[in-house]
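Here's the structure we're looking at; comments come further down.
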Amino acid sequence: MKTPGKNKDTGVTLRAVLLGLLLIFINNLWITIIEVRWFALDGTCLPLFITPIFMLFMLCLSNLLIKRANPSLALSCGELLVIYIMIVIGAALASHDLIQNLFGTIGHPHFMANDSNQYEKLFWHYLPNGWFVNDMTALKGFYAGGVDHPFMWMILRFWVVPLALWGLLILVLIAMMLCINILIRKQWTENEKLVFPLVQLPIAMTSEDAGRKFYSSKLMWAGFALACAIGLINGLHALYPSMPELTGVKQYNIGQFFTERPWNAVNRLRDFNISMYPFMIGLAYFIPLDLSFSCWFFYVARKAWQVVGAAMGWDGAGTSGFPYWDAQSSGAWLALSIIIVMAALPHLKSVWRQAFSGGGTPEEQAEGGLYRKAIYTLALGFLALLLLGRQMGLQLHYAALFFVLYFLIAIGITRVRAELGTPHEIYFVNPQQIMVGLLGFNVIGIANMTILQSMYWFNRCYRSHPMPSQLEAMKMSEGTAIKIRPLIFVLMLSAGVGLITSYWANLHITYADGATGKSLGFKWWLGTESFDKLTGLIRNKPATDLIWMIHVALGAVIVIGLNLIRGAFVAWPFHPAGYALAISFAMDYFWFTFFVAWLVKLIIVRYGGMKLHNTFVPFFLGLVLGDFFIGSIWAIIGPLIGQQAYRIFI
């Protein structure tokens, strides 16, 4: 899919920014209503967020009508992209794995403390002062609901300082992510020429000739209609169970047919499910064949290894950790991230020279100035993180190690998404787990561990990580006249507004309906997961686990080996990222859709070549758009009728 042609369309206009800010507010409220109040859609669990695509679709259709009536009032291609980018960045803040998780954590250790979990006795006095809400009256209204005016100062005053501190931390992280993306962007977009599968749909929807090509394509509307029909039938069944249902579209456990040992080991940790999500088949079509093959192959290999382990008796008493996917995935992602950074070193050296040597054309000097500012901001940001960590009570060397690991993982996720566009739910991998596994609890200590576990909320799964969305925004802007500096401003503005609107929406919903009352999707369990893990560490005081470390090394060695062989043999079909994704839950929902897309694409390319492949591009884009459209429609209908409507995912 080609990017729009370059023109005088700067995109970052006043009306585009104002409309983007308005839609951030609407979208973040909508996300909070459907995901926190109704536990529906799960649109921010996917790498391509559902509701921003729906909003862009509505905006583009309206814009086509306006263009026919009065072309001077129509939004330009660049303006449409800027608005979409703003909505996406705002949604990343409001998502499952960011602000929703924060609200599941921020009052939990005080309100949920009891004689059974012994939170008060074990770690209350180590919680960072000012970072948690501890007033029981404010928390009672938050968890029980029924409060008509939650923004009165008598309630709000207990939230202001904790939300401001966490907000400052998250904005510093986002600014640093943006700086890293600025420094590494050309390596991935120009030097390595990664495919960026997730930008294909928004670019097709907003291109200057979209009305003539994309929206006039019969194949696109065929894919759209097919996905819509599936969602419509299953959505009606969810409301009226007597109506027919298309089974197998969502999760269907084929592991239920394996009842005897060792075959029943396929259901260990998670069921052995298959799915036929139209949107993911559509997205996976744009992934290179070797990459999509690796994703589903290594998932099947993972299940096979569990069966082998059960047959050998390795999962019996005393080996409860087998097959140590948490350790293997930690090693795999660390190795993958380090390989990515090392591959980018020549480019980063060039960036450093350009930033500080001066000279060159005016364009090169301007770019060097941008690099210099990014480097300075990155350094100041890291210093700010150390100071914030110290203010929380975290020793500086542990703060430094924690945030270095955090950004290593972030770089790995961003690079993998730019190349594959895959979901990246890496549940097993986070800095806390790596630090405890490698150093042991007694070395880190209770005080430091309490602070580290307090930051678990933005280190669980990483499904809606903001950094890949920032890089994709830069990629989408390349084919337009959108300048990088205004885009940087828009990205940070969207993050700030997204943060504030997410705060407001969560407080509004929870105080009205109760976090543990009517709010079906409130992440109370996130707080339990965070602090029950902490209490387990305090009680058991695990030392450095040699077996765990061996499996970390095993995961790293496998990734390094796959990467070396891939570099030596062009036809080698196994990608190290496929292994890392498959063993860390990222493929559990989607492996079969990757298999289907891989098989269909293989047949198309083998018998029709790239010409036939390109012919079918609109159909697969239509699958994504149609599925997201009908899913969003159900996400509107559900709250309006007061029911948990059908969701197209999970």
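Residue numbers (the numbering used here): 518 to 1167. Glycine included, C-beta positions come from ideal geometry on N, C-alpha and C. If you're wondering where the values come from, they're calculated on a predicted model, not measured in any experiment.
* Asked: What does a CB cutoff of less than 7 angstroms around Arg1171 pick up in its chain, not counting 5 residues either side in sequence?
  -> Past the boundaries of the shown model lies residue 1171; the chain is included only from 518 to 1167, so the question cannot be answered.
* Specify the secondary structure class of Tyr1163 as computed by DSSP and reduced to three states. => Coil, per DSSP.
* Asn1080 - DSSP class collapsed to helix/strand/coil -> Three-state DSSP puts Asn1080 in a helix.
* To do: Identify the continuous alpha helix (DSSP H) that holds Thr530 and give its terminal residues.
  => In the DSSP annotation of this structure, Thr530 is not part of any alpha helix (DSSP H), being labelled neither H nor E.
* Asked: Where do the ends of the alpha helix (DSSP H) carrying Glu708 lie?
  -> One point to set straight first is that residue 708 is Asn, not Glu, in the sequence displayed. It is not in any alpha helix (DSSP H) - Asn708 carries neither H nor E in the DSSP assignment.
* Return the chain-ordered list of same chain residues with a C-beta closer than 8 angstroms to the C-beta of Tyr769, the five sequence neighbours on each side being excluded. => So the list reads Asn790, Ile791, Ser792, once near-sequence residues are dropped.
* For Met669, count neighbouring C-beta atoms within 10 Å of its own C-beta (all shown protein chains included) and say buried if the count is 16 or more, exposed if not. => With fewer than 16 Cβ atoms within 10 Å of its Cβ, Met669 is classed as exposed.
* Nearest to Lys735 (by Cα), restricted to the options Gly1159, Ala1162, Gly1139, Ser1149 -> Here the closest residue by C-alpha is Gly1139.
* Asked: Would you report the Cα separation of Ala1073 and Ser811, rounded to the nearest angstrom?
  -> So the alpha carbons of these two residues sit roughly 17 angstroms apart.
* Three or more beta-carbon pairs under 8 angstroms between the segment 566-573 and the segment 536-547, yes or no? -> Short answer: they touch.
* N-terminal and C-terminal residue of the alpha helix (DSSP H) that Val1113 is part of -> That run of the alpha helix (DSSP H) goes 1108-1132.
* Give a yes or no on contact between the segment 656-672 and the segment 1081-1088, applying the rule of three or more CB pairs nearer than 8 angstroms. => Using a C-beta cut-off of 8 angstroms, the segment 656-672 makes no contact with the segment 1081-1088, since fewer than three inter-stretch Cβ pairs fall below that distance.
* To do: Mark Gly835 as exposed unless 16 or more other C-beta atoms lie within 10 angstroms of its C-beta, in which case mark it buried.
  => Note that Gly835 scores a pLDDT of 49, beneath 50, so its modelled location is shaky; the value from the coordinates is reported in the next line. Counting Cβ neighbours within 10 Å, Gly835 comes out exposed, since fewer than 16 surround it.
* **Straight-line gap, Ala1097 to Ala849 (C-alpha atoms, nearest Å)** => Whole-angstrom Cα-Cα distance: 5 angstroms.
* To do: Run the CB neighbour count on Met1104, radius 10 Å, all protein chains shown included, and call it buried at 16 or more, exposed below.
  => Met1104 comes out buried.
* Roughly how many whole angstroms lie between the Cα atoms of Ala1070 and Gln845? -> Straight-line spacing of the CA atoms in Ala1070 and Gln845 works out to 7 angstroms.
* Asked: So is Cys594 buried or exposed if we call it buried at 16+ other beta carbons inside 10 Å?
  -> So Cys594 counts as buried.
* Asked: Span of the alpha helix (DSSP H) holding Tyr915?
  -> Residues 913-937.
* To do: Return the chain-ordered list of same chain residues with a C-beta closer than 7 angstroms to the C-beta of Asn781, the five sequence neighbours on each side being excluded.
  => The answer, listed in chain order, is Phe775.
* Confirm, please, whether the CB-CB distance from Ser847 to Val946 is below 8 angstroms. => The answer is yes: Cβ separation under 8 angstroms.
* Length at least 4, wholly inside the segment 761-807: the alpha helix (DSSP H) runs in chain order -> The qualifying runs are 795-801.
* Taking one C-beta from the segment 967-981 and one from the segment 1027-1046 each time, how about it: are there three or more such pairs within less than 8 angstroms? -> Short answer: they touch.
* **Whole-angstrom C-beta distance between Leu956 and Thr1052, which should lie under 8 angstroms** => Thr1052 to Leu956, Cβ: 19 angstroms. No contact.
* What residue range is occupied by the uninterrupted alpha helix (DSSP H) comprising Phe958? -> From DSSP, the alpha helix (DSSP H) with Phe958 extends over 958-961.
* Asked: How would you label Met829, buried or exposed, when you count the other beta carbons within 10 angstroms and need 16 or more for buried?
  -> So Met829 counts as exposed.
* Asked: Cβ atoms of Gly607 and Gly1038: under 8 angstroms apart, would you say?
  -> 8 angstroms or more divides the Cβ of Gly1038 from the Cβ of Gly607.
* Asked: Is Gly740 near Gly1148, with beta carbons less than 8 angstroms apart?
  -> No; because the gap between Cβ atoms is not below 8 angstroms, this pair is not in contact.
* Straight-line Cα distance separating Arg907 from Leu558 -> Rounded to whole angstroms, Leu558 to Arg907 spans 39 angstroms at the Cα level.
* Taking three-plus beta-carbon pairs below 8 angstroms as touching, is the segment 918-935 in contact with the segment 685-703? -> Enough Cβ pairs lie closer than 8 angstroms, so yes.
* From Ala1094 to Ala917, what distance separates their C-alpha atoms? -> Here the alpha carbon of Ala1094 sits roughly 26 angstroms from the alpha carbon of Ala917.
* Rounded to whole angstroms, what's the CA-CA distance from Ala821 to Gly772? Just pull it up for me. => Roughly 12 angstroms between the two C-alpha positions.
* Are Leu597 and Leu576 close, meaning C-beta to C-beta below 8 angstroms? -> Taking 8 angstroms as the cut-off, the beta carbon of Leu597 is found closer than this to the beta carbon of Leu576.
* **Range covered by the alpha helix (DSSP H) that runs through Glu942** => No alpha helix (DSSP H) holds Glu942; DSSP gives it neither H nor E.
* Asked: For Arg819, which of Cys696, Phe796, Asp843 has the nearest alpha-carbon?
  -> Measuring from the Cα of Arg819, the nearest candidate turns out to be Asp843.
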